[in-house]
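Engineer:
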Amino acid sequence: MSSAVFSKPLRPDQLFSLVRRHKSTSQVVFVVLLILRSRLVPSLSFKHRKDDEKKGLTAHELGVVLQTLYTEDEEKKGRKEILVPYNNRLTRVPYDPTPQEFIDINQEAFLQQPSQDAEPTEKAQKKKHLFDPVFLRTLRLLLFRIVFPLPNKPSLFSTLTSPVTLTVSAYTTFLILRTYLSLLVAKLDGIIVRDLVRADGRGFAKGLALWYILAVPSILVNVMIRHMQGVLSEEVRGRLTRFITDLYLGVPGAKERALRCVLSHDPQSSSSVATEGVDQYITSDIEAFSEGLSGLYGNLLKPSLDLLLFTSQLSRSLGVRGTVMLFGTYWATVHTLRALSPAFGRLSAVEARLEGEYRAGMGRLGRGSEEVAFYDGGARERDILTRAYMRLIKHVNSIYKIRIAYEWTEDYVIKYLWSAAGYGLIAVPLLFTRALGISPAFTTRDGTSYASRIASRTQTYISNRRLLLSLADAGGRLMYAYKDILEMQGVVGRLGGVIGELYACVLPPSNTDTPEVTVTPPSAESSHIINATPSEEKEEPEEEKEDDDDESIVLRHVDITIPGTSTVLVKDLSLKLRRGEHLMITGSNGVGKTSVCRVLGGLWEAEGNGVVKTPEGNKVMFIPQRTYHPQGTLLDQVIYPYTYQEFLGRWRERRAAGETTDADPLAEIEEILHAVYLGYLPEREGGWLTRKEWRDVLSGGEKQRISLARVLYHRPLFAVLDEATSAVSSDVEGRLYETIKGWGKGIGVVSVSLRPSLQKYHTHQLTIHGDGSGGWEFTQLSSVDTQISKNNQAEIEELEARLLEVEEWERRVEELDAMLRIHEVET
C-alpha cells in the first residue's frame, strides 16, 4: 500500500480504509503524512514539467525584460508585478507599496520610544530585569506594528490570511509534530530494548520495522522545520525591508523627506544615520534580525512544548518529588548562568556599528577609486581600511575571550550537570523501592517471571533516559535561546533607532522665532538692486503676497544655516522669480551658493518663519554638481528618474494630446541627444538597450550634457543648474543655455556659476557676499547690462585672438634683432 501511496494520489475510499486499518495514533499520523505527500508531489512535479516545457527567453527578450522592470496590475490599483529573469525564465513577483496611512499610524509609537543607550534610572538600576524593558518594547513594536500588524489596527495586510501568518501557522504545526514524534520515538526505543532483553526476535523485528517507518515522517518534519524557518526569515526580512525602505526613500506620491534629512543630517553627530550608513541597517541588521527571530521562534516554542510533554510523561515514573527536584536543579543553574551572563546585547550592537564603518569605508573607496588612483593614495586608503578592520577584529576577539569562560560554564552545566542529575533521579525508583527485593526464582501471581520484570524495567529506564536527555536538551536550547535574545538586543535597538530617526525626519519642521532682520527698500536711483543686511524687522507688503502664483519661485525672509551648526550663510533672503525669468547665483567659493539650491529643493529646511514656495509637482528640476548615473541602459540615463513604463505612458499621453506625432517613442530622445550634441552616443555604445557602468564610460562633459538632456526630456518650468556646465567648453555652453531656454514652452534657468560669460543668458543675478553677515544682493539685469556683457565678451574674444599672435610677434622680434646685429658687424 505504501508504494501505491507514493505512486499516485489516493481515492477517498482508500483513505478511509487506511485509517480504519491503522487505528493507533502513530499510524494515523504516518498515513496522513503519506497522503499529503501523495497529493503534493504529483502537483509539484506537474508544475515543474510545465515550466520545463516553457521556451526560454532570448537575448532580445531578456534585454526588454531588464528594461521594462515591472508592469502595472490592472485588477488592483497601485500593485506592481516585478519582472525577475531567473534561470532563463521570467518570474512575476507582485509588489504592494506601503500605504501612507500605515506609515502614519506607527509614527507616534516609534517617536516615543526611549533609547537603549540612555542611562537607566536609580530605580531601574536596583531592579534587575530578565530582559531590558526598552528592548521588549522595541521588539513588540517591530513585531506587532510591522511584521504582524494587530487586527484592530489599520494594517497593510489582512492579518489572518497574510503569508507571514500562514507561514507561522505551518511552522508551529511542524514543531508540534516534531515534539509528538519525539514521544513516539522514546516509547519505541524502550519497546525495542525490552524485546531485545527478552530475546523476543519477532517483537524486535517488528519494533525495528516500526522504527524505519517512523523515520520517514520524522525526516520529513525535520526538513520542513528548517524550510519553514528559512521561509519565515525571508517573510520577516521582506516586510521590514519594504517598510524601512519606503520610509527612507518615500512611498509613491510622497516627498522623500527622510532621505533628504539623512543627506542633510548633522555630520558632527556620532550616532546619526548619515554617519553610520543607512545601508548597514537596511541590509545586514535586518537580515540578522530576521534570521535571529525565525530561529528563536523554533528554539523557544519546541523546547517549551518538550518541557511540558516530557515532564508529564516523566512524572509518572519519577513522581512529584522527583519532578520537583529536577526543576529545582534547573532553576538553580538558570539563575547561576544568568548572573554570569555578559552584556551580549551591547557587544553585538558595537560589532554591528564597527561592521558598518568598515563597510562604508570600502564603499567610499569604490566610489572614489579613480581619484585615489590619480593621487596615488592607495597606501593611505589601505591604512584607513586596515585601521577600521582592526578595530572590528579587536572587538570580535574580545567577544570571543568573554565567551570562553561563559560557554565553558554553560556547556558543563547543560550537557553534564543536568544529565547527571537526570540519571540520579532515574535511579531513585530503581534502587530504593521494595519491588527490587526479588529473587531470580520469584514469580508474580499473574505468572510474570523475573526476566519479564527486568525487561519491563529496562524498557522504563530506556524510555525515561531518552525523555530525560531530550528534556535536558530542551532546557539547554532554552538557555542558548536566552543568550541569542541578549545578542539580538543590539540589533533590535539599532532598528528601532533608525526607524525613530527616519520618522523624526518625516515630521514637518517646527516653526521657531524669526531673527529680527529686514529687507532694505530699493532706492530711486537703482530700482533694480536690492541689498539685504541685518536690520529691524519689516513686514512684507500684502500686495506682494497676493501677487504670488503657482508658476513662480518665491523666497521670503529665509535664513540659511548649515544644519547642526549656527553658521549663517544667507540672512533674510527674499526674492521672486516668475516664469520666463532666469536667475544667476554667484559669489566666491564657500559663501553658500549651493545652499540656496538645497533650500529650494527641500534638502535643507529654511530657518525661522521663512517662506519657500516653488511650483508643485515636478515643475522644478535640480541638476547637482556631481552627475548621477543610475544602473541601467543608455535610455535610462536620459529619462531618469522615470522608469521605462512611465516613459511609454508619457509618450502615449503626448500623442493623445497632439503634442507629438512620432510613431517611435525613441524619436524624441534622439532629438534631445542631438540638441545637447550627443547624437553619436547610441551608435558608439551599441544601442539604447546597452547596459554599462556609465559613470566610467562617459567623459566629464558627456556626463553633464546627459544631465541637461534630462532637463529637456522632462520639460520643467525651472531648471536649477549647480555648476552643471563646468566641464563643457565655453562655445558649446552658450548654445546649450540657448537651447534650454527655448525648449518647448521655455524653461526658466537658475544657474550657480562663477563664469561672467553666463550672465548674458539670465535676467536676474543673486550675489552672495560671504562676509559672515549673511549679506546678499539681488540685481535685475537690464538690456543695457546684457549689451555691456555682450560687448565685454566680444572684447575678450578679440584680446584672446590677439594673444594667439604673440608667438608670431616674438619670432619677428628675433628676426629683426638678428638683422640688426648683422648690420652692426658690417659697419
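Each residue of the sequence shown is one higher than the last, beginning at 10 in our numbering.
Every residue gets a Cβ at the ideal spot worked out from N, C-alpha and C, and that includes glycine.
Can you give the beta carbon distance from residue 358 to residue 503, rounded, assuming they're within the 8 Å contact cut?
Structural biologist: The residue given as residue 358 occupies position 349 in the sequence shown. The residue given as residue 503 occupies position 494 in the sequence shown. Right, their Cβ atoms sit about 6 Å apart.
Engineer: Could you check what DSSP says for residue 188 in three-state terms: helix, strand or coil?
Structural biologist: Numbered from 1 along the sequence shown, position 179 holds the residue referred to as residue 188. DSSP places residue 188 in helix when its eight states are reduced to three.
Engineer: Roughly how far, in whole angstroms, is the beta-carbon of residue 722 from the beta-carbon of residue 746, given that I think they are within contact range, below 8 Å?
Structural biologist: Here residue 722 is taken as the residue at index 713 of the sequence shown, counted from 1. Here residue 746 is taken as the residue at index 737 of the sequence shown, counted from 1. Not confirmed; about 17 Å, so no contact.
Engineer: With distances taken between CB atoms, is the gap from residue 615 to residue 577 smaller than 8 Å?
Structural biologist: Counted from its first residue, the sequence shown places residue 615 at position 606. Counted from its first residue, the sequence shown places residue 577 at position 568. No, they are not a contact pair.
Engineer: What is the rounded straight-line gap between the Cα of residue 234 and the Cα of residue 313?
Structural biologist: Here the question's residue 234 lines up with position 225 in the sequence shown. Here the question's residue 313 lines up with position 304 in the sequence shown. If you take the alpha carbons of residue 234 and residue 313, they lie about 16 Å apart.
Engineer: So, is residue 100 buried or exposed, given that buried needs 16 or more other C-beta atoms within 10 angstroms?
Structural biologist: Your numbering for residue 100 matches position 91 in the sequence shown. Its Cβ having fewer than 16 others within 10 Å, residue 100 is exposed.
Engineer: How do the stretch 774-781 and the stretch 586-595 stand: do at least 3 beta-carbon pairs fall below 8 Å, yes or no?
Structural biologist: When Cβ pairs closer than 8 Å are counted between the two stretches, the stretch 774-781 is seen to touch the stretch 586-595, the count reaching three or more.
Engineer: Between the stretch 633-647 and the stretch 700-711, do at least 3 Cβ pairs fall closer than 8 Å?
Structural biologist: Enough Cβ pairs lie closer than 8 Å, so yes.
Engineer: Take residue 498 as the anchor and find which of 806, 298, 739 has the nearest alpha-carbon.
Structural biologist: Walking along the sequence shown from the start, residue 498 turns up at place 489. The option with the nearest alpha carbon to residue 498 is 298.
Engineer: Is the Cβ-Cβ distance between residue 687 and residue 76 less than 8 Å?
Structural biologist: To locate residue 687, count along the sequence shown from 1; it is residue 678. To locate residue 76, count along the sequence shown from 1; it is residue 67. The answer is no: Cβ separation not under 8 Å.
Engineer: Per the contact definition of three or more C-beta pairs closer than 8 Å, is the stretch 342-360 in contact with the stretch 223-238?
Structural biologist: Under the three-pair Cβ rule at 8 Å, the stretch 223-238 does not count as touching the stretch 342-360.
Engineer: For residue 365, does the count of other Cβ atoms within 10 angstroms reach 16, so buried, or fall short, so exposed?
Structural biologist: Against the sequence shown, residue 365 aligns to sequence position 356. By the neighbour-count rule (16 or more Cβ atoms within 10 Å), residue 365 is buried.
Engineer: Buried or exposed: which applies to residue 425, given that a residue is buried once 16 or more other Cβ atoms fall within 10 Å of its Cβ?
Structural biologist: The count along the sequence shown starts at 1 and reaches residue 425 at position 416. Residue 425 is exposed by the Cβ-count criterion.
Engineer: For residue 318, collect the residues of the same chain with a Cβ closer than 7 Å to its Cβ; drop the 5 residues on either side in sequence, then sort them by chain order.
Structural biologist: As a working note, residue 318 is residue 309 in the sequence shown. 188, 192.
Engineer: By a C-beta neighbour count over all protein chains shown, 10 Å radius and 16 as the cutoff for buried, is residue 714 buried or exposed?
Structural biologist: On the sequence shown, residue 714 is found 705 positions in, with the first residue counted as 1. So residue 714 ends up on the buried side.
Engineer: Could you please give the first and the last residue of the uninterrupted beta strand (DSSP E) stretch that includes residue 675?
Structural biologist: What you label residue 675 is simply residue 666 of the sequence shown in a count that begins at 1. Careful: residue 675 lies outside any beta strand (DSSP E), inside the alpha helix (DSSP H) at 675-684.
Engineer: In three-state terms, what does DSSP make of residue 369?
Structural biologist: Locating residue 369 in the sequence shown gives position 360, where the first residue counts as 1. Of the three classes helix, strand and coil, the one that applies to residue 369 here is helix, per DSSP.
Engineer: Between residue 727 and residue 602, is the Cβ-Cβ spacing less than 8 Å?
Structural biologist: Counted from its first residue, the sequence shown places residue 727 at position 718. Counted from its first residue, the sequence shown places residue 602 at position 593. No, Cβ-Cβ distance for residue 727 and residue 602 is not below 8 Å.
Engineer: Exposed or buried, residue 805, counting other C-beta atoms within 10 Å across all chains shown (16 or more means buried)?
Structural biologist: Looking up residue 805 in the sequence shown gives position 796. Exposed, by the Cβ-count rule.
Engineer: Using DSSP with H/G/I as helix, E/B as strand and the rest coil, what is residue 774?
Structural biologist: As a working note, residue 774 is residue 765 in the sequence shown. Of the three classes helix, strand and coil, the one that applies to residue 774 here is strand, per DSSP.
Engineer: How would you write the range of the alpha helix (DSSP H) that residue 723 sits in, first residue to last?
Structural biologist: For the purposes of this step, residue 723 is taken as the residue at position 714 of the sequence shown. That run of the alpha helix (DSSP H) goes 709-723.
Engineer: Go ahead and pull the three-state DSSP assignment for residue 302.
Structural biologist: Indexing the sequence shown from 1 puts residue 302 at position 293. Three-state result, residue 302: helix.
Engineer: Check whether the stretch 302-310 and the stretch 239-258 touch, using three or more Cβ-Cβ pairs below 8 Å as the test.
Structural biologist: yes
Engineer: Classify residue 315: buried if its beta carbon has 16 or more other beta carbons within 10 angstroms, exposed otherwise.
Structural biologist: On the sequence shown, position 306 is the one that residue 315 refers to. Buried, by the Cβ-count rule.
Engineer: Is the number of C-beta pairs between the stretch 366-376 and the stretch 286-293 that are closer than 8 Å three or more?
Structural biologist: yes
Engineer: In the DSSP assignment, what are the bridge partners of residue 616?
Structural biologist: The count along the sequence shown starts at 1 and reaches residue 616 at position 607. DSSP links residue 616 through a beta bridge to 568.
Engineer: Quick check on residue 634: buried or exposed, where buried means 16 or more other Cβ atoms within 10 Å of its Cβ?
Structural biologist: Stepping through the sequence shown from its first residue, residue 634 is reached at position 625. Exposed is the call here.
Engineer: How far does the alpha helix (DSSP H) with residue 80 in it reach, from first residue to last?
Structural biologist: As a position in the sequence shown, residue 80 is number 71, starting the count at 1. No alpha helix (DSSP H) holds residue 80; the beta strand (DSSP E) holding it covers 79-81.
Engineer: Assuming residue 709 contacts residue 590 (C-beta within less than 8 Å), just tell me the rounded distance between them.
Structural biologist: Mapped onto the sequence shown, residue 709 falls at position 700. Mapped onto the sequence shown, residue 590 falls at position 581. Contact flag wrong, Cβ pair sits at about 30 Å.
Engineer: Could you tell me which residues DSSP puts in a beta bridge with residue 760?
Structural biologist: Here residue 760 corresponds to residue number 751 of the sequence shown, with the count starting at 1. Answer is 593, 730.
Engineer: So is residue 144 buried or exposed if we call it buried at 16+ other beta carbons inside 10 Å?
Structural biologist: Within the sequence shown, residue 144 is the residue found at index 135, counting from 1. By the 10 Å Cβ count, residue 144 comes out buried.
Engineer: Within its chain, find whatever has a CB closer than 8 Å to the CB of residue 690; leave out the 5 residues flanking it on each side and keep chain order.
Structural biologist: For this step, residue 690 is matched to residue 681 along the sequence shown. Excluding sequence neighbours, residue 690 sits near 643, 682, 711.
Engineer: For my contact list, residue 785 and residue 620 are in at a C-beta cut-off of 8 Å; report their separation, rounded to the angstrom.
Structural biologist: As a first step, residue 785 is located in the sequence shown; it is residue number 776 there, counting from the start. As a first step, residue 620 is located in the sequence shown; it is residue number 611 there, counting from the start. Wrong, their Cβ atoms sit about 17 Å apart, outside the cutoff.
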